[in-house]
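Those protein sequence lines, which keep their order, are chains D and A. According to my numbering, the stretch in the first sequence is residues 7 to 352, in order. According to my numbering, the stretch in the second sequence is residues 7 to 352, in order. Note that beta-carbon positions come from the ideal geometry of N, C-alpha and C, so glycine has one too. The model shown is predicted, which means the values in this text are computed figures rather than measured ones. Take a look at the structure set out below.
2 protein chains.
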Amino acid sequence: MTETVPRPTLEAVAARAGVSRATVSRVVNGADGVREPLAERVRRAVEELGYVPNQAARSLVTKRHDAVAVVVAEPETRVFADPFFARQLRGISKELTAHDNQLVLLLTEGRDDHARVARYLAGGHVDGALVFSLHLDDPLPELIQRAGVPTVFGGRPGWSGGRDGVVYVDSDNRGGARDAVRHLLGLGRGRIAHITGALDQTSAVDRLDGFRDVMVDADPRLVVEGDFTPAAGERAMRELLGRCPDLDAVFAANDLTAVGALRVLREHGRRVPDDVAVVGFDDMLPIAEQTDPPLTTVRQDIEEMGRLMARLLLRGLDRTAAAPENVGGTPSSVILPTTLVRRASA
Amino acid sequence: MTETVPRPTLEAVAARAGVSRATVSRVVNGADGVREPLAERVRRAVEELGYVPNQAARSLVTKRHDAVAVVVAEPETRVFADPFFARQLRGISKELTAHDNQLVLLLTEGRDDHARVARYLAGGHVDGALVFSLHLDDPLPELIQRAGVPTVFGGRPGWSGGRDGVVYVDSDNRGGARDAVRHLLGLGRGRIAHITGALDQTSAVDRLDGFRDVMVDADPRLVVEGDFTPAAGERAMRELLGRCPDLDAVFAANDLTAVGALRVLREHGRRVPDDVAVVGFDDMLPIAEQTDPPLTTVRQDIEEMGRLMARLLLRGLDRTAAAPENVGGTPSSVILPTTLVRRASA
DNA sequence: GAGAGATCCGAGAGCGCTCTCACCCCTCGG
DNA sequence: CCGAGGGGTGAGAGCGCTCTCGGATCTCTC
Chain D
7 MTETVPRPTL
17 EAVAARAGVS
27 RATVSRVVNG
37 ADGVREPLAE
47 RVRRAVEELG
57 YVPNQAARSL
67 VTKRHDAVAV
77 VVAEPETRVF
87 ADPFFARQLR
97 GISKELTAHD
107 NQLVLLLTEG
117 RDDHARVARY
127 LAGGHVDGAL
137 VFSLHLDDPL
147 PELIQRAGVP
157 TVFGGRPGWS
167 GGRDGVVYVD
177 SDNRGGARDA
187 VRHLLGLGRG
197 RIAHITGALD
207 QTSAVDRLDG
217 FRDVMVDADP
227 RLVVEGDFTP
237 AAGERAMREL
247 LGRCPDLDAV
257 FAANDLTAVG
267 ALRVLREHGR
277 RVPDDVAVVG
287 FDDMLPIAEQ
297 TDPPLTTVRQ
307 DIEEMGRLMA
317 RLLLRGLDRT
327 AAAPENVGGT
337 PSSVILPTTL
347 VRRASA
Chain A
7 MTETVPRPTL
17 EAVAARAGVS
27 RATVSRVVNG
37 ADGVREPLAE
47 RVRRAVEELG
57 YVPNQAARSL
67 VTKRHDAVAV
77 VVAEPETRVF
87 ADPFFARQLR
97 GISKELTAHD
107 NQLVLLLTEG
117 RDDHARVARY
127 LAGGHVDGAL
137 VFSLHLDDPL
147 PELIQRAGVP
157 TVFGGRPGWS
167 GGRDGVVYVD
177 SDNRGGARDA
187 VRHLLGLGRG
197 RIAHITGALD
207 QTSAVDRLDG
217 FRDVMVDADP
227 RLVVEGDFTP
237 AAGERAMREL
247 LGRCPDLDAV
257 FAANDLTAVG
267 ALRVLREHGR
277 RVPDDVAVVG
287 FDDMLPIAEQ
297 TDPPLTTVRQ
307 DIEEMGRLMA
317 RLLLRGLDRT
327 AAAPENVGGT
337 PSSVILPTTL
347 VRRASA
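Laid out in structure tokens, this is it:
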């Protein structure tokens, strides 16, 4: 299991190179102002001793950690079942790595865990936080704000906290939903149903709003609440078929929901898209391509969302102060556009 | 974006409570030896000032971080595509959280990144590391060992490093494979093919060995190399059908591979299991249940593997020294049993 | 009621690093 | 050839915490 060995300190390197700690520090941190022969001697000493700076000591004085926490405020079962998260995480990871920042993943294990997370953030382990998938009644943003940790949210938090400094990255959920429904209308469909996502999340609410924007006086029985899972899609679809057997289109709050809906439609012998057209949301690959028929859906660039979240945070931390695009001071929220992807289901 | 505010220090709390730093430290760390009225005063001061200990300062002296790195030595595309990883991570996360340890996720972005990871581990950010999904030629274990970080591997590393202290958690891949093939034999199948996993990983090699244990003199044309992906499953299945149209069973190195194989079998009009029986490996839910027909497969408890990895590491770090099961000194590797799950495909 | 022993608390050193500031030496202009 | 100026280097303080150790206080016991 490889035992831990006492590491050489700056002091040791200094002694070996016959210089002061300050000089070694300068060389190690790439500051100039050390003449070449000396610098070389220091580098050799570092090499020979296998010196690696102690981060704890360093952060103690610099108050920087070069680490960012990613908080997923979701029951973990969902986190991993939903590829959405993975994509976003990937974007984040790329961006952070590019700026030499570490990613500290904080998974919450149920509600009580929020306090633990807040404690961790307040403990000064990380320079900032990226928070995902908040629910409306979630105490986390409140706690984080109190902890005073710079934060960027993924998805518009349904909460303003009285402060206007809340920064988030979101897709244009409402606009995307409108596009989806308009597309169905354009196909000549009139009885369009909507299976919502979990309505305690703003993304679900926004998509529902988009649906209603277009279907101003839709039959209320055509809207059924879901929760973004395939299981909910199935349940909701069954309910819809029972209530309104004459429906000719379904706009599902996401692709997973659509998958569930497709399954039930097939079960009931409804042909897609001939009898019922189906549109999803997310363009979650490869799922969206492999359904039968392949799913028409609203694409959002999830990885880009992640990347952007990280970039906004780092910018706020002055990490990329030198970057050319970094004019204009404090970062503000970003809404990414969506695009309709036509496949066979609608 | 919530600006960072100077945090109160131990000193401040001590001043407010009218005691020494030492006393506050004792109270905060739950050490006994502080009389109740005083302790209460300290707790109030902590509360009022919103004091949270500075971790950097703390680790500087204790040399503990209560954090563990999880290193995934896999091109990230695969990491997230494969639910395997998610399960294991979940087990790890649970166990770590239960012992108040943080999970630091290190994703490697290509080969060069190994150096970055090694540097991070050597930097003394974490108390130990959990490393996954190694490939045979991977330089990472070597680097990690040199960094002197206690480590537990997920899956037997195909590398011993000359030291015998390597600890890992693995499934009984070879035994599981034997069970799968014997099951097919028991079904009266004689022409059993095997689609391997990525043969630069020990799990794939072990499963192949298990296959050969039972099919001692199998037609070598019945073994095709894959890489654990559905795409490879399709390709390999096509090749197999071309080479040996008379095959009557397939043992796939994992469920994803089996999914690909099933697709191609259907395409070619072979009925499963009537014409060709198929067995997978992993019992990856829900995939394994939702294939058509539902997949017979070899189950391994992936989450438990993760949990166990974390437990072994923490034990090695003396975190759980008081735990009753913790007799017997240095932890050693664990091989978890597998079980055959019979569904419809074989 | 006094001494021994246990208990509680505070002073202070030190973890490994960064960063300021003062000092030294080297160079160059007059 | 001497003094001013500037760049290179080192001394030392201090980041916020833990932990040892000695002294003060308390509790018994006879």
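- In the three-state DSSP reduction, phenylalanine 234 (chain A) falls in the coil class, being neither helix nor strand.
- Leucine 16 (chain A) has no beta-bridge partner at all, per DSSP.
- Cβ neighbours of aspartate 72 (chain D) within its own chain (closer than 8 Å, five residues either side excluded): Asp106, Asn107, Gln108, Asp133.
- Burial state of valine 222 (chain D) is exposed, judged by a 10 Å Cβ sphere holding fewer than 16 other Cβ atoms.
- Here glutamine 108 (chain A) carries a strand assignment [DSSP, helix/strand/coil].
- It is roughly 43 Å from the alpha-carbon of glutamine 207 (chain A) to the alpha-carbon of arginine 47 (chain D).
- Under the DSSP definition of a beta bridge, valine 78 (chain A) partners with A:Leu113, A:Phe138.
- Its Cα nearest to that of leucine 113 (chain D), the residue A:Gly97 stands out among A:Glu115, A:Gly97, A:Pro89.
- Think of a sphere of 7 Å around the beta carbon of proline 59 (chain A): the chain D residues whose beta carbon falls inside it are Gly129, in chain order.
- Contact of alanine 63 (chain A) with chain D is assigned, a C-beta pair being separated by under 7 Å.
- According to DSSP, residue pairing for threonine 302 (chain D) in a beta bridge involves D:Val285.
- Among the residues of chain A, those whose CB is under 8 Å from the CB of leucine 109 (chain D) are Val110, Leu111, Leu112, Leu113, following chain order.
- Judged by DSSP in its simplified three-state form, glycine 36 (chain A) adopts coil rather than helix or strand.
- Note on alanine 28 (chain D): under 16 other CB atoms within 10 angstroms of its CB, so exposed under the neighbour-count rule.
- The beta carbons of leucine 193 (chain A) and proline 163 (chain A) sit about 35 Å from each other, so the pair does not count as a contact at 8 Å.
- The beta carbon of serine 351 (chain D) sits closer than 6 Å to those of Val278, Pro279, Val284, Pro299, Leu301, Thr302, all from its chain and outside the five residues before and after it, given in chain order.
- Residue contact with chain D for leucine 146 (chain A): absent (no Cβ-Cβ distance below 7 Å to any residue of chain D).
- Residue range 261-273 is occupied by the alpha helix (DSSP H) that includes leucine 268 (chain D).
- Segment contact: the stretch 302-311 of chain D against the stretch 177-189 of chain D, three or more CB-CB distances shorter than 8 Å; contact assigned.
- By alpha-carbon distance to alanine 135 (chain A), the top candidate from A:Asp144, A:Ser177, A:Leu102 is A:Leu102.
- Taking a beta-carbon distance threshold of 7 Å, leucine 247 (chain D) does not count as an interface residue toward chain A.
- For leucine 342 (chain D), no Cβ of chain A is located within less than 7 Å of the residue's own Cβ.
- Interface flag for leucine 66 (chain A) against chain D is set, since a Cβ pair is found closer than 7 Å.
- Taking the CA atoms as reference points, proline 59 (chain D) sits about 12 Å from alanine 18 (chain D).
- Within the stretch 247-278 of chain A, contact with chain D at the beta-carbon level (separation under 9 Å) is assigned to no residue.
- Here the stretch 217-236 of chain D lies against the stretch 260-277 of chain D, with 3 or more beta-carbon pairs under 8 Å apart.
- For threonine 15 (chain A), the nearest beta carbon of chain D is not closer than 7 Å to its own beta carbon.
- Rounded to the nearest angstrom, the Cβ distance from arginine 13 (chain D) to glycine 130 (chain A) is 7 Å, consistent with a contact under 8 Å.
- Between the alpha carbons of leucine 127 (chain A) and valine 25 (chain D) lies a distance of about 28 Å.
- For aspartate 219 (chain D), the three-state secondary structure derived from DSSP is helix.
- The C-beta distance from glycine 203 (chain A) to glutamate 240 (chain A) rounds to 15 Å, too long to fall under 8 Å, and the pair is not in contact.
- Close to arginine 125 (chain A), with beta-carbon spacing below 9 Å, are these residues of chain D in chain order: Val58.
- If you look at aspartate 176 (chain A), you'll find it isn't in any alpha helix (DSSP H); it sits in the beta strand (DSSP E) that goes 173-177.
- Each residue's CA atom was taken as its position, placing proline 156 (chain D) and tyrosine 174 (chain D) some 12 Å apart.
- Distance check between proline 292 (chain D) and each of D:Thr68, D:Pro89, D:Gly36 places D:Pro89 closest, using alpha-carbon atoms only.
- No Cβ-Cβ contact shorter than 7 Å links valine 340 (chain D) with leucine 320 (chain D).
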